[in-house]
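Student:
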Amino acid sequence: MLNTREVDLVVIGGGPAGMAAAAAAAGAGVEKIVLLERQEKLGGILPQCIHNGFGLRFFKEELTGPEYAHRFILELKKYPQIQVKTGTMVMKITAGRQVVTAGAAEGLVCYQARAVIFAMGCRERPRGAINIPGTRPAGIYTAGSLQYLMNIEGFIPGREAVILGSGDVGLIMARRLTLEGIRVKAVLELMPFSSGLNRNVVQCLEDFNIPLYLSHTVTAIHGQKRIERVSVAPVDADLRPVVEKEFDLSCDTLVLSVGLIPENELSLQAGVELDPATGGPVVDSFYQTTVDGIFACGNVVHVHDLVDDVSTESIVAGRAAAAYLRGEIGRNRWFPVKAGRNIRSVVPQRIVAGQATPLYIRACFPERNALLCIGNRQSRRRVVSPGETIYYTVKPEDTATTGGFFTVSLEGGEADD
Amino acid sequence: MSIPEVDVLVIGGGVVGAALLRELSRYELALLLVEKEADVSFGTSKANSGIVHSGLHDRPGTLKAHLSVRGCRLFPELAAELGFLYKQNGAVVVARSSEEMAGLEKLLENGRANGVKGLSLINREELRRLEPNLAPDLAGGLLAPSGGIVVPFDLVFALTENAVANGAKLMVGTEVLGIKEEKDGFLVRTNRRPLRAKVIVNAAGLHGGEVAAMIGDHSIQIYARKGEEYIFDRKLEGLVQRTIFPLPSKVSKGILVIPTVDGNIMIGPTAHRVEDYDLSTSPAGWNEVYSEARKLVPALQAKDLITAFSGLRAVGPTGDFIIAPSAVSPRFINAAGIESPGLTAAPAIAEYIVELIKESGLRLRRKRDFNPFRPVVRLRELNPRGQADLMQKDPAYGQIVCRCEMVSAGEIRDAVRRGATTLDGVKLRTRSGMGRCQGGFCTPRLIRLLSAELGLPPEEISKNGPGSELLFGRLRGGREEKTKEEKEDA
Amino acid sequence: MTELTCILCPLGCRIRVEREEDGLKITGYDCPRGLAYAREEMTAPKRILTAVVKVAGGESGESMLPVKTKTAIPKEKIFPAMEEIKAITVFPPVKIGQVIKENLAGTGVPLVATAPLPDDDYRS
Chain A
1 MLNTREVDLV VIGGGPAGMA AAAAAAGAGV EKIVLLERQE KLGGILPQCI
51 HNGFGLRFFK EELTGPEYAH RFILELKKYP QIQVKTGTMV MKITAGRQVV
101 TAGAAEGLVC YQARAVIFAM GCRERPRGAI NIPGTRPAGI YTAGSLQYLM
151 NIEGFIPGRE AVILGSGDVG LIMARRLTLE GIRVKAVLEL MPFSSGLNRN
201 VVQCLEDFNI PLYLSHTVTA IHGQKRIERV SVAPVDADLR PVVEKEFDLS
251 CDTLVLSVGL IPENELSLQA GVELDPATGG PVVDSFYQTT VDGIFACGNV
301 VHVHDLVDDV STESIVAGRA AAAYLRGEIG RNRWFPVKAG RNIRSVVPQR
351 IVAGQATPLY IRACFPERNA LLCIGNRQSR RRVVSPGETI YYTVKPEDTA
401 TTGGFFTVSL EGGEADD
Chain B
1001 MSIPEVDVLV IGGGVVGAAL LRELSRYELA LLLVEKEADV SFGTSKANSG
1051 IVHSGLHDRP GTLKAHLSVR GCRLFPELAA ELGFLYKQNG AVVVARSSEE
1101 MAGLEKLLEN GRANGVKGLS LINREELRRL EPNLAPDLAG GLLAPSGGIV
1151 VPFDLVFALT ENAVANGAKL MVGTEVLGIK EEKDGFLVRT NRRPLRAKVI
1201 VNAAGLHGGE VAAMIGDHSI QIYARKGEEY IFDRKLEGLV QRTIFPLPSK
1251 VSKGILVIPT VDGNIMIGPT AHRVEDYDLS TSPAGWNEVY SEARKLVPAL
1301 QAKDLITAFS GLRAVGPTGD FIIAPSAVSP RFINAAGIES PGLTAAPAIA
1351 EYIVELIKES GLRLRRKRDF NPFRPVVRLR ELNPRGQADL MQKDPAYGQI
1401 VCRCEMVSAG EIRDAVRRGA TTLDGVKLRT RSGMGRCQGG FCTPRLIRLL
1451 SAELGLPPEE ISKNGPGSEL LFGRLRGGRE EKTKEEKEDA
Chain C
2001 MTELTCILCP LGCRIRVERE EDGLKITGYD CPRGLAYARE EMTAPKRILT
2051 AVVKVAGGES GESMLPVKTK TAIPKEKIFP AMEEIKAITV FPPVKIGQVI
2101 KENLAGTGVP LVATAPLPDD DYRS
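Protein chains in written order, with the numbering used here: chain A, 1 to 417; chain B, 1001 to 1490; chain C, 2001 to 2124.
1) Kindly give me the distance between the Cβ atoms of glutamine 112 of chain A and glutamate 37 of chain A, rounded to whole angstroms, as I take these residues to be in contact under 8 Å.
2) Going by DSSP in three states, lysine 1487 of chain B sits in which element: helix, strand or coil?
3) Just curious, the alpha helix (DSSP H) that threonine 1443 of chain B is in, first and last residue?
4) Taking glutamate 1081 of chain B as the reference, give the member of B/Met1266, B/Asp1058, B/Glu1023, B/Leu1121 with the closest Cα.
5) For chain F, find out if any of its Cβ atoms is closer than 8 Å to the Cβ of phenylalanine 1042 of chain B; answer yes or no.
6) With DSSP collapsed to three states, give me the class of glutamine 972 of chain B.
7) Between the Cα of glutamate 2076 of chain C and those of C/Val2094, C/Val2112, C/Met2042, C/Lys2101, spot the shortest distance and give me the residue it belongs to.
8) Does the stretch 1106–1125 of chain B touch the stretch 382–400 of chain A, meaning 3 or more C-beta pairs lie closer than 8 Å?
9) Kindly list, in the order they appear in chain A, the residues whose Cβ is closer than 7 Å to that of threonine 1443 of chain B.
10) What is the residue span of the alpha helix (DSSP H) that cysteine 1072 of chain B lies within?
11) Report the three-state DSSP secondary structure of aspartate 1414 of chain B (helix, strand or coil).
12) Would you mind sorting cysteine 2031 of chain C into buried or exposed? The rule is 16 or more other CB atoms within 10 Å of its CB.
13) Whole-angstrom Cβ separation of glycine 1141 of chain B and valine 1092 of chain B, contact assumed at under 8 Å?
14) Between the stretch 307–322 of chain A and chain C, which residues of the former have CB atoms less than 9 Å from a CB of the latter, in chain order?
15) Isoleucine 329 of chain A by DSSP, collapsed to three states: which one?
16) Give the secondary structure of aspartate 207 of chain A by DSSP, where H, G and I count as helix, E and B as strand, and everything else as coil.
17) Are the beta-carbon atoms belonging to leucine 2024 of chain C and arginine 2039 of chain C less than 8 Å from one another?
18) In or out: alanine 1047 of chain B buried (at least 16 other Cβ within 10 Å) or exposed?
19) Could you say which of B/Pro1152, B/Ala1415, B/Ala1271, B/Thr1190 lies nearest to leucine 1009 of chain B if we only look at CA atoms?
20) Runs of 4 residues minimum, wholly inside the stretch 115–178 of chain A: which ones carry the alpha helix (DSSP H) assignment?
21) With a cut-off of 8 Å on the beta carbons, I'd call glycine 1227 of chain B and arginine 1294 of chain B a contact; round off their distance for me.
22) Looking only at C-alpha atoms, which of B/Val1354, B/Val1297, B/Val1015, B/Leu1031 sits nearest to proline 1325 of chain B?
23) For lysine 2086 of chain C, would you say it is in contact with chain B, using Cβ-to-Cβ distances shorter than 8 Å as the test?
24) Nearest-angstrom Cα distance between glycine 2106 of chain C and tyrosine 1397 of chain B?
25) What three-state label does DSSP hand tyrosine 1230 of chain B in the structure shown?
26) Exposed or buried, glutamate 1381 of chain B, counting other C-beta atoms within 10 Å across all chains shown (16 or more means buried)?
27) CA-CA distance, glycine 87 of chain A and glycine 1043 of chain B?
28) Quick check on glutamine 48 of chain A: does DSSP put it in helix, strand or coil?
29) On the CB-based measure, 16 or more other CB atoms within 10 Å of its CB, does isoleucine 1003 of chain B come out buried or exposed?
30) Thinking C-beta only, is isoleucine 390 of chain A closer than 8 Å to leucine 372 of chain A?
31) Show which residues of chain B have a CB atom less than 7 Å away from the CB atom of glutamate 153 of chain A.
32) Who does aspartate 284 of chain A pair with in a DSSP beta bridge?
33) Spell out whether any CB of chain A is found under 8 Å from the CB atom of arginine 2047 of chain C.
34) Just by C-beta distance, which residues in the stretch 1459–1473 of chain B are closer than 8 Å to chain A?
35) When you check each C-beta in the stretch 131–143 of chain A against every C-beta of chain B, which residues fall closer than 7 Å?
36) Lysine 1064 of chain B: which of B/Tyr1352, B/Leu1470, B/Pro1259 sits nearest, CA to CA?
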């Protein structure tokens, strides 16, 4: 078989999560760390996110994606014990933390790690997954791949675009296309509300008078070789298109921003339990998964609104992996979180007894003046929306009074006007 | 300028043309295949269900029955020679009720009359044991162990690549516009250059009627019957082992549940006559396919869908294949109306046409140095040792481009050298971009690799031929204005 | 009357602004930052502009360098600024934060690089 390299920690993914986790683990004293990145460069999605709006929570200043990545690259360089392997793809992983990688530089390599951190991020939902009828012409891009083609490679995709989905990447691309002289005819959103940040709706659409059609979807794609137009229709309360009200928009480019899916093929290989609500691993307050010594952080766990939160949570994971390697984290007593009214997901899913635990909570639908109830605690929320994370930190003493599990719910809210 | 002359011109690079080209490349002949699309298999064959039928469905005495049973028998050896993706997974036709069991018995008789080996009727319990994820209310099944599955475009690529390696010529993007019969052959006008051929085989699929009409043969009327298919994520691999058929209707074999060689589950196809050649999928098609497939395998869920496509079958007037010299000219051989089970029959159709060519008077002499094998590297099929060796020999095989399907830059490069000139050509040869992310990550890289290997600017790289270019120009640079003008001109 | 959505926090207050003889009447905000935001949006809206510029000899590899205006520029200057940005070609090496162009579109604000070039630090 292959030669095996023994290391303390393998971090899979060199985006914001992996960089922060690796640096935090090194800072906490872990000696042999390998950081694996499948692209040629570190930074994950950040180098192509040339827009500003990053860093306000973490660095208390506003940065662009490349600048945010650069901060962490400088941080990584402080630690010679971190070996960075770019252009390196994980081919296989086992529950016993054996990691097989492939890369042009070293060929096939097998690592035996004492701990592993998953930081693989997420991928975009493609057209097929939402089953848009019609033809299969050129000119259909997911927002992220278009962002890469424009910002990294410097290409123009077309002249007239329609964007399906009002997720943040879609909104950002609406502005980006407009600035480069490509006409964005419409942004269509299936839901009655945008799934992107408020700030992006204002600064990316309203600033440029780009129409946002809420409760609308693409019902058909037309054009044999290159896309020529799309059929669009409003949807009813059950999200079914109202075909009588269908209309056409001509375009040579269709941009899809219809959701992000945590990239968990390796998690499944390793036997990690996934949470159907997030699509990512079930983790505890230390971001340890259900497999001993395998941690996870960033968008592989749940899709974040802000990279700042990815960094914060990844530092927790990196330090926890270090503590695990020192034998300080074993099997801890924990309480499961149960999602109640208007709660789509909560991360972490397991709160370790006596451990302060910041929760990332996502609502199912928007409402105002709801009471956020967590265990025995309550706090009023002026406004909640699926597009914006709800933050709440469980205090160590809270776990002493809980009755076996934590219920998280939003109670008594009013419909959003 | 002299007009190049070949012994046999094959019109159409679908599975029939490709199989024939490969069969003919065993002989000392000047061979040319012309395909109007940017690549072989880009027409009907690309969208085939990929089933190697046992031959039990067809009416005894027809060419369909004879050639599909023979074709099915040829597949294992052909796959061993050419290394295309093939698996003899077996098929089972299921009965939903005890009344349908009678239909299975008739089908069994039919299959036996066609000479299909190994057929057996199985009861409900046996069916459950073999395929535990089938609907519990099914009454029983007809098992056909000789049935198989194949990746249809991979089969076409394998056949043409091997034919080319044995001296045959291939011209893609070449459309036949007119044919004139001469004293001992034909003068053929194309969109590129004129050609002369002693014998022509019309394997033009949907366009078979038009091509025959070029020599004044108006006997071939072809219409299109559309089929929509839907593909599910590979995480469902193993849901069914065999290809699951319902009891067939008069027009088609019904909506099937197909475990593809690549490990996906595919459901379909619909079968509806269409007047235009539109390749769209429709909500009605999805509803039909999904509801029918769930009657067979209730565990299928829409959320696991990754992509859909449709294709057009070339349906002839007689209900059977039309494979014969034209009444107008004995040196013009039609292979028309090759609908299902055309893919299965293709290797046998090729043998059959070779006999017709011999009868036409052309002398065939076997080559001594015919090489039946085709080399192909597929990283994901190797064991770790094999992968490590390959990467050591050539680091390009260590550079993974498609992360969903584990395809390396080395395989992409090989695909271009094997003949791919478009994104779809690379995708179909390597699976890059066919996984769950559907090219979201690898498309920009594929454009770069294609551009480098073909020596073309990235703006000229297309999805599947002229008119389907992926990029309009550069953000900062000269081409932008040019494309704008070009657009206005058009 | 103009209605604005405040972008400073997830509350997304809907702020109403009416022009009156003695200035602006602003209601519906929840904090002083919201008031200041509405006033600026109504009188002198500003945005940070981000884009990419061409890299000399960058046909393969790094063909684009990301840039931003060092501070926010008046909203109406966004398209004139883009025109200037489209004409720029940079020559490596470039440091992160380095000024690429002073006084972009007459705003007095410089355009700066948001990544180093070459970006070897990003690779192993």
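Built from N, CA and C at the ideal position, the CB exists for glycine as well.
Quick caveat: nothing in here was measured; it's all calculated off a predicted structure.
Tutor: So, to answer that:
1) Going by Cβ atoms, the distance from glutamine 112 of chain A to glutamate 37 of chain A rounds to 20 Å, so no, they are not a contact pair.
2) Caution applies to lysine 1487 of chain B, whose pLDDT of 42 falls short of 50 and renders its modelled position unreliable; the value that the coordinates give is listed next. Three-state DSSP puts lysine 1487 of chain B in a helix.
3) 1443–1454
4) B/Glu1023
5) Here the protein chains are A, B and C, and chain F is not one of them.
6) Past the edges of chain B, shown from 1001 to 1490, lies residue 972 of chain B, and the structure says nothing about it.
7) C/Met2042
8) no
9) Ser145
10) 1063–1082
11) helix
12) exposed
13) 4 Å
14) none
15) coil
16) helix
17) yes
18) buried
19) B/Thr1190
20) 127–130, 143–147
21) In fact, because the Cβ distance is near 18 Å, the residues do not count as touching under 8 Å.
22) B/Val1354
23) yes
24) 52 Å
25) strand
26) exposed
27) 36 Å
28) helix
29) exposed
30) yes
31) Pro1444
32) A/Arg350
33) yes
34) Glu1459, Ser1462, Lys1463, Asn1464, Gly1465, Pro1466, Gly1467, Ser1468, Glu1469, Leu1470, Leu1471, Phe1472, Gly1473
35) Asn131, Pro133, Gly134, Thr135, Arg136, Pro137, Ala138, Thr142
36) B/Tyr1352
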